[in-house]
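Engineer: Under numbering that gives the first Met the number 0, the residues of the sequence shown are numbered 0 to 74, in order. Got a structure for you, questions after.
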Amino acid sequence: MNGRGRYLGNIFIERLWRSLKQEVIYLEEITDGFKVGRVIKNGMTVYNAERPHSALDRLTPDDAYWAGLEKKKVA
0 MNGRGRYLGN
10 IFIERLWRSL
20 KQEVIYLEEI
30 TDGFKVGRVI
40 KNGMTVYNAE
50 RPHSALDRLT
60 PDDAYWAGLE
70 KKKVA
């Protein structure tokens, strides 16, 4: 990055980690590092493929991504 708009990128990452911690990590009893990896991987899958986002018109990020690619292909 060139330094311009850097804080905007940080906002999105902070929101992602806050959601992941509150909805997944804090609800699990984590006993070792392997479980942390599985919990985060499963949480990211839910976040991207199953959880609708209001900023994406209630679509999941995966659905929004593929819909965008279809629009580009048609145009």
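We put the beta carbon where it would ideally sit given N, CA and C, even for glycine.
Exposed or buried, which one is Gly42 when buried takes at least 16 other CB atoms within 10 Å?
Structural biologist: The residue labelled residue 42 in the question sits at position 43 within the sequence shown. Buried is the call here.
Engineer: Please report the straight-line C-alpha distance between Leu58 and Thr44, rounded to a whole angstrom.
Structural biologist: In the sequence shown, counting from the first residue as 1, residue 58 sits at position 59. In the sequence shown, counting from the first residue as 1, residue 44 sits at position 45. Their backbone Cα atoms lie some 14 Å apart in a straight line.
Engineer: Could you tell me which of Val35, Ile12, Thr30, Asp31 sits nearest to Val23, measuring between CA atoms?
Structural biologist: Locating residue 23 in the sequence shown gives position 24, counting from the first residue. The shortest C-alpha separation from Val23 is found at Val35.
Engineer: In this structure, what does DSSP give as the bridge partners for Leu58?
Structural biologist: Here residue 58 is taken as the residue at index 59 of the sequence shown, counted from 1. Beta-bridge pairing links Leu58 to His52.
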